[in-house]
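So the sequence shown is residues 1388 to 1576, counted in my numbering.
Just so it is clear, CB atoms sit at the ideal spot from N, CA and C, and this is done for glycine as well.
Remember, it's a predicted structure, so these values are computed and weren't measured experimentally.
Quick notes on the structure that follows.
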Amino acid sequence: MSGAQSIRHVADRRGRSVDRRDTARTCGLDTSAIRDYRTANPGIADDDLHAMFFSDALFRIAALWCAEASAGAGRDTYLYEFAWPSPARDGALRACHGLDVPFTFDTPHSPLAADLIGPEVPADFVPLSAAMRSAFAAFATTGAPGWPRFDSIERIHRIWKTPPALGRDPLSASRRIWQGSGVPGAAIM
């Protein structure tokens, strides 16, 4: 495979060739987004790039647009990212969609947790789950989860990992890529 092809193609988990240009187009982006993502994320592996494209397209950018619109309308808005990496399947799941559910409901032995976390409950499950449940209970009772509101200037968000942290402008590079994409909804950012 030539150097140009190695940038565009990678084998998926079943050994089939995946063209990164098709991935970009499937997500509604121009193929130049491949270069933009790589520039913003130096050294990103092909699998991680693929995951980032789809995570942004399906979840992260849409959540950011909702937070932007809500904050822009003057509503108290709070944004978080669940970034705890699952040890299941030798770490292949990373911080996948739905992984936060066992933490939110303190169900480390549920079938979902077994699939997404693995058979052994990691030591950091209990403190992270307790912190999340405390924040969500505070939000339900007071309207404030215990971290600053999200706005279009500071873009503060909670990062659920061990230990929990605050971050600023969680998707700055992805946001810039999608702003220029022409994808409906990108103009509100």
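- Counting along the chain, the unbroken beta strand (DSSP E) around Arg1555 starts and ends at 1552 to 1555.
- In the DSSP secondary-structure assignment, Glu1468 is bridged to Ile1546.
- Beyond the five residues adjoining it in sequence on each side, Val1488 comes within less than 7 Å, by CB distance, of Leu1499 in the same chain, given in chain order.
- A Cβ-Cβ contact shorter than 8 Å links Leu1515 with Thr1549.
- Restricting attention to Ser1473, Trp1471, Ala1454, the CA atom closest to the CA of Tyr1465 is found in Ala1454.
- Between the segment 1545 to 1562 and the segment 1469 to 1476 there are three or more inter-stretch CB-CB distances shorter than 8 Å, so the stretches are counted as touching.
- Taken atom to atom, the span from the alpha-carbon of Ala1552 to that of Ala1560 is near 20 Å.
- For the pair Asp1493 and Arg1520, the CB atoms are nearer than the 8 Å cut-off.
- Per DSSP, Ile1431 lies in no alpha helix (DSSP H) segment and is marked neither H nor E.
- Cβ-Cβ distances below 8 Å link Ile1431 to Tyr1424, Arg1425, Met1439 in the same chain, with the five nearest sequence neighbours on each side left out; the list follows chain order.
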